[in-house]
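Working notes for the structure below.
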Amino acid sequence: MNGPQAVTKEERRAIAREIADRLKQVYGDNLKAIGLYGSMARGTDGPFSDTEMLCVLHSGDEPVDFSHEWAAGAWKAEVNVYSEEILLQYARTVEDTWPLSHGAFLTALPLYDPDGFFDDLKTAVLSPDEADFRENIRSILVGEMFEFAGKWRNANAQGPRTHLPYLAMETAHYAAMLIGLHHRMTYSTGAKVIPEAMTLPGRPDGFDALAQLVLSGELSDPDRVFLTCEAFWSGLQAWAKEHDYAFITEQIPF
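Below, the structure written as structure tokens:
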């Protein structure tokens with residue numbers, strides 16, 4: 090077969106039930122919960138979507154964190170297997186990609202959940218305090234945004250200017266992460282990170298122009314790309330100052 094083939098929603102859900110039954114056989118009494126995540130959990134899966142599942146085991150002496158991933162001709166499946174405490178601890182953790190990585194836990198659809206684990210998982214995702222989000226915002230401002238600004242300025246000054254489209258896309262992606270972290274909002278899928286960020290309030294000036302440029306794919310004019318990135322950088326600094334996300338210091342921090 091030439092890659093993924095069209096599978097109906099009913100067929101895909103039958104595959105998920107078959108996988109769930111096999112997981113029950115393999116893990117027996119050690120099984121805590123099974124659920125779908127991704128597009129199948131949201132009901133937005135298309136004819137070529139894969140099947141993504143969480144398999145949660147009771148916590149034991151050894152932590153469990155691995156994945157089964159395989160292609161079966163027409164379709165592909167991935168089963169992420171975690172011990173209960175490992176998954177809950179990860180769900181409580183804020184990272185720079187939190188708006189994307191943790192959204193899956195909020196929309197997970199249980200297939201087997203006798204103890205209500207997936208409700209506990211949602212509670213864990215929403216448990217971090219403001220300080221955790223602020224630290225990750227600062228981390229992106231310094232670790233990604235400041236660095237991207239230096240790279241697009243280098244590319245514009247000494248070339249190759251062919252790097253500018255990639256840098257614009259990366260900047261828009263991480264800007265969307267900043268906006269999601271700022272609002273504690275998650276995104277549905279990687280392909281929709283930027284357009285969903287555009288629906289949230291209080292965006293930095295210049296973000297919409299950068300986002301529209303990236304989404305349009307009209308990145309062949311290096312002058313336009315560079316000036317759009319620069320305008321966003323100015324807006325981002327004002328946004329960070331407005332919300333007291335200090336990320337520039339005149340002192341060595343140690």
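The end of the sequence shown is residue 343 by my numbering, with every number in the run present.
Glycine residues also receive a C-beta, built at the ideal position from the N, C-alpha and C atoms.
Residue closest to residue i, alpha-carbon to alpha-carbon, out of the options
i: Ile229; options: Ile337, Asp150, Tyr126 and Leu253; result: Ile337
i: Phe137; options: Pro93, Asn169 and Gly117; result: Pro93
i: Ala160; options: Asn91, Pro293 and Arg223; result: Asn91
i: Met274; options: Leu177, Pro188 and Gly135; result: Pro188
i: Ser216; options: Thr182, Asp204 and Gln247; result: Thr182
i: Phe315; options: Ile341, Asp221, Ala244 and Glu331; result: Ala244
i: Glu99; options: Ala327, Glu285, Gly132 and His332; result: Gly132
i: Glu219; options: Val96, Glu184 and Ile341; result: Glu184
i: Asp118; options: His157, Thr186, Arg313 and Pro203; result: Pro203
i: Asp297; options: Val96, Pro284, Gly306 and Lys240; result: Pro284
i: Thr97; options: Ala122, Asp110, Gly135 and Val115; result: Gly135
i: Pro311; options: His332, Asp209 and His252; result: His252
i: Thr186; options: Glu158, Ala197, Thr212 and Phe222; result: Phe222
i: Gly162; options: Lys211, Leu302, Ala95 and Tyr116; result: Ala95
i: Leu267; options: Gly291, Ser277, Gly248 and Gln247; result: Gly291
i: Glu259; options: Ala246, Ser277 and Glu236; result: Glu236
Expected contact under 8 Å - CB spacing of residue i and residue j to nearest Å
i: Thr317; j: Ala238; result: Not a contact, Cβ separation roughly 13 Å.
i: Gly295; j: Phe321; result: 4 Å
i: Tyr263; j: Met287; result: With 8 Å as the limit, Tyr263 and Met287 do not qualify as a contact, their Cβ atoms being about 15 Å apart.
i: Ala261; j: Leu289; result: With 8 Å as the limit, Ala261 and Leu289 do not qualify as a contact, their Cβ atoms being about 14 Å apart.
i: Leu270; j: Asn225; result: 6 Å
i: Arg250; j: Tyr334; result: Arg250 to Tyr334, Cβ: 30 Å. No contact.
Three-state secondary structure assigned by DSSP to residue i
i: Glu107; result: helix
i: Met274; result: coil
i: Glu236; result: helix
i: Thr317; result: helix
i: Gly306; result: coil
i: Asp118; result: helix
i: Trp159; result: strand
i: Gly149; result: coil
i: Leu189; result: helix
i: Glu167; result: strand
i: Ala216; result: Note on residue identity: the sequence assigns Ser, not Ala, to residue 216. Three-state DSSP puts Ser216 in coil, outside helix and strand.
i: Pro254; result: helix
i: Leu289; result: coil
i: Pro199; result: strand
i: Ile268; result: helix
i: Asp139; result: coil
i: Ile175; result: helix
i: Asp297; result: helix
i: Asp221; result: helix
Own chain, CB closer than 8 Å to residue i, minus 5 neighbours either side, in chain order
i: Thr140; result: Arg101, Ile104, Ala105, Ile108, Leu125, Met129, Trp164, Lys165, Ala166 and Glu167
i: Val153; result: Leu146, Val170, Tyr171, Ser172 and Ile175
i: Ser323; result: Asp294 and Gly295
i: Ala120; result: Rather than Ala, the amino acid found at residue 120 in this sequence is Leu. Excluding positions up to five away in sequence, the list reads Leu112, Lys113, Cys144, Val145, Leu146, His147 and Tyr201.
i: Gly149; result: Asn119 and Ser172
i: Ser156; result: Glu167, Val168, Asn169 and Val170
Cutoff 7 Å; reference residue i; Cβ partners in own chain excluding five residues on either side
i: Thr214; result: The identity of residue 214 in the sequence shown is Val, whereas the question assumes Thr. The residues are Ala180, His191, Phe194 and Leu195.
i: Ala329; result: Leu230 and Phe336
i: Lys281; result: none
i: Pro254; result: Leu308 and Val314
i: Ala265; result: Val282, Ile283 and Ala286
i: Gly127; result: Glu141 and Ala193
i: Leu304; result: Ile283 and Pro284
i: Lys211; result: Phe194 and Leu195
Cutoff 7 Å: residue i Cβ touching any chain C Cβ
i: Gly324; result: Among the protein chains of the structure shown there is no chain C, as only one such chain exists.
Nonlocal neighbours in the same chain, by C-beta distance under 6 Å from residue i, ignoring five residues either side
i: Pro199; result: Gly124 and Phe207
i: His272; result: Leu289
i: Lys240; result: Leu256
i: Glu158; result: Glu167
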